Amino acid sequence: MSNLVRSELLKIRTTSTWWWLAIGAFLSIAMAFPLNAWLFNTAVEGNAEDVGLTGDAASAPAQAANLYTSGQYLGLMFVMLIGILMVTNEFFHQTATTTFLATPRRTAVIVSKLIAASLLGFVFWLVTTVIDLGAGAIFLTLNDHGTLLGEWEVQRALLLNLMAYAIWTVLGVGIGTLITNQLGAVITASVLYLIGTQVVSVLFFMLSSWLDSLAVLKWQVLWPAVASQVMITPGENEMLPAWWVGVLVLIGYALVSGIIGVLLTRRRDIS
Numbered sequence: 001m002s003n004l005v006r007s008e009l010l011k012i013r014t015t016s017t018w019w020w021l022a023i024g025a026f027l028s029i030a031m032a033f034p035l036n037a038w039l040f041n042t043a044v045e046g047n048a049e050d051v052g053l054t055g056d057a058a059s060a061p062a063q064a065a066n067l068y069t070s071g072q073y074l075g076l077m078f079v080m081l082i083g084i085l086m087v088t089n090e091f092f093h094q095t096a097t098t099t100f101l102a103t104p105r106r107t108a109v110i111v112s113k114l115i116a117a118s119l120l121g122f123v124f125w126l127v128t129t130v131i132d133l134g135a136g137a138i139f140l141t142l143n144d145h146g147t148l149l150g151e152w153e154v155q156r157a158l159l160l161n162l163m164a165y166a167i168w169t170v171l172g173v174g175i176g177t178l179i180t181n182q183l184g185a186v187i188t189a190s191v192l193y194l195i196g197t198q199v200v201s202v203l204f205f206m207l208s209s210w211l212d213s214l215a216v217l218k219w220q221v222l223w224p225a226v227a228s229q230v231m232i233t234p235g236e237n238e239m240l241p242a243w244w245v246g247v248l249v250l251i252g253y254a255l256v257s258g259i260i261g262v263l264l265t266r267r268r269d270i271s
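Residue 202 in the UniProt record's numbering sits at position 202 of the sequence shown; the count goes up by one each step and never skips.
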């Protein structure tokens, strides 16, 4: 298994795709960090309600957790695309037959891709978190708040963010086994992630208004992109469920996608 995992990592390292995705992840931090810094200042200066923040969500530790996980939204999409490419590259470059001839145990091949994808997710999390920690600590210290890294809410958000990165790479592998056409898989996954998330939010908002119940908005967590945001959001929010609900939803998606990926690959005709 270790040899299979190393070979999967080698396949990714020898292409330029991951460089472009890494640059995209860096740019997502560059875009998100200034906004989160502005939200932090707005919240701690007593104007939290002006930006829709109430209760614990407006506290300094909660906003520091948001600051230290800047860029997560697009970052997760990029690691998902890595997982997709790890599978679809085999079909795009017509190396699937060679791979499965060299390793007839198809389950082992998919499991190695899942492990390698999770490792890459960890690397992306580590690099983006180091950037966020450096920039966040400087920003908070210059504004006389200290680093706030000793707060459990901040530490929990960082750890759960790691879980989110690992799970989304696994989801990417699952999508790649479901849609083997590389272009089709990348476009479908990206549209569902970027546009589908907004559509889901609008639909739940409309349903909540129709039923006159804010509790309906909590069911958005069933959409994986929303679940990953919920799991790193500390404090209580009447429009979002508890953080652990997002964790359970994402774990469920990871298990289902992993099982489906193994079953499809074992039954698929590779020629």
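Quick reminder that beta carbons are idealized off the backbone N, C-alpha and C, glycines included. Since we're looking at a predicted model, the values are computed, not measured.
Those runs of the alpha helix (DSSP H) which lie wholly inside the stretch 156 to 195 and span at least 4 residues: 182 to 191
Practice problem: Tell me whether residue 240 sits in a helix, a strand or coil according to DSSP, three-state version. | Solution: strand
By DSSP, does residue 132 sit in helix, in strand, or in coil?
helix
ask   = Would DSSP call residue 14 helix, strand or coil?
value = coil
According to the Cβ coordinates, are residue 74 and residue 134 closer than 8 Å?
-> no
Coil, strand or helix - residue 86 by DSSP: Residue 86: helix per DSSP, three-state reduction.
Subject >> Outcome for residue 132 when other beta-carbon atoms lying within 10 angstroms are tallied against a minimum of 16 >> reply: buried
- Query: Nearest to residue 85 by CA position, among 108, 11, 62, is which residue?
  - Reply: 11
Could you check what DSSP says for residue 260 in three-state terms: helix, strand or coil? helix
| said: By the three-class DSSP mapping on this structure, what secondary structure does residue 151 have? | reply: coil
Practice task
Would you identify the three-state DSSP class for residue 223, choosing helix, strand or coil?
Solution key: coil
*Going straight from the alpha carbon of residue 240 to that of residue 158, what length do you get?*
Counting only the Cα atoms, residue 158 lies some 19 Å from residue 240.
Looking at the structure shown, is residue 70 part of a helix, part of a strand, or coil, going by DSSP?
Three-state result, residue 70: coil.
Please report how far the alpha carbon of residue 144 lies from the alpha carbon of residue 28, in whole angstroms. 26 Å
- Task: Apply the 10 Å Cβ neighbour rule to residue 198 and answer buried if 16 or more other Cβ atoms are within range, or exposed otherwise.
- Result: exposed
Which stretch, first to last residue, makes up the alpha helix (DSSP H) that contains residue 231? Element bounds for residue 231: n/a, residue is neither H nor E.
Take residue 164 as the anchor and find which of 187, 228, 118 has the nearest alpha-carbon.
228
Check: Is the CB-CB distance between residue 171 and residue 252 below 8 Å?
Finding: In this structure, residue 252 does not lie closer than 8 Å to residue 171 by Cβ.
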